[in-house]
Amino acid sequence: MRIVFLGDSVTEGCFELYDVEGGFDTVRDYENVYHNKLKKLWTHKYGDEPLEVINSGISGDSVDGAVARLSKDVLEHNPDTVVVCFGLNDVCRGRENLDNYVTKLEYIFTQIQDKGIRVIFMTPNMMNTYVHDETLDSAKEAAKTTAAMQNDGTFDLYIESAKALCQRMNVTVVDAYSKWRKMHEEGIDTTVLLSNYINHPTREMHDLFVNMLIEVL
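With my numbering applied, the sequence shown covers 13 to 229.
Dropping the structure here:
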């Protein structure tokens, strides 16, 4: 089975941030990204059924970028399944971008389904709920923005809108966001579960994606 994973920095394999001239960059760890862990688990469980994983995650990407590169980065690989995960960057454009987010997701799902390919939408992790002391100084303004979108319900609205679209289009949902939400509501500090204290889950939290995905493949 061949699976393409279409997404942003989390799908690419981005973790901690570090300072560079004029801003910051991110540590990329392809060994510990969720789909590589998934491949290892799959091989352990179903060794006689090979799983080919294609990483089509790009740091900073949104549904707009995904539409532009859908043919080259997804459809040309002729996958059996595509796992789509977007929202972390889209939400930073506010509620006024919500309609665009849903419209572009619908286009992505339609293009994949029209090729007879199964599509799965995996909801992203939560973002930070406050600006952590260990957030890079160069990233603190970004952290303020993401915390605001997380705390005022904007990100919840994005996720619920995406899930409603999936229900209309018969797209399988792997709802990781709800698991993060539940942890937060139970009093767990979910911000410290983010390796950059903004929006990149720790290596350990990538296991949550793995354990949920393996159940639907």
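Note that the Cβ used here is the ideal one computed from N, Cα and C, for glycine as well. All values derive from a computational prediction rather than experimental measurement.
- When the five nearest sequence neighbours on each side are left out, the beta carbons in the same chain lying within less than 8 Å of the beta carbon of E28 are those of T38, V39, S207, N208, H212, in order along the chain.
- Distances from the alpha-carbon of C178 to those of N163, A159, M134 put M134 closest.
- For the pair T184 and V114, the CB atoms are not nearer than the 7 Å cut-off.
- For M138, same chain residues with a beta-carbon under 7 Å away, outside a window of 5 residues either side, are Q162, Y189, W192, R193, H196, T202 in chain order.
- When secondary structure is reduced to three states using DSSP, G77 falls in the helix class.
- The Cβ-Cβ distance between A151 and F36 falls below 7 Å.
- Pairing E24 with S83 gives a Cβ-Cβ distance that is not under 7 Å.
- DSSP places N140 outside both helix and strand once states are collapsed to three, so it counts as coil.
- As the crow flies, the alpha-carbon of S74 is around 8 Å from that of G19.
- Straight-line spacing of the CA atoms in N101 and D92 works out to 27 Å.
- In the three-state scheme derived from DSSP, where H, G and I count as helix and E and B as strand, S150 is classed as helix.
- Within the same chain, F36, D37, T38, V39, L148 come within 8 Å of Y30 by CB-CB distance, once the 5 residues on both sides are set aside.
- For the stretch 157 to 222, the full-length beta strand (DSSP E) segments reaching 3 residues or more read 184 to 186 along the chain.
- Exclusion of the five residues before and after D76 leaves K116 as the residues of its chain whose Cβ lies within less than 7 Å of its Cβ.
- In the DSSP secondary-structure assignment, G69 is bridged to G19.
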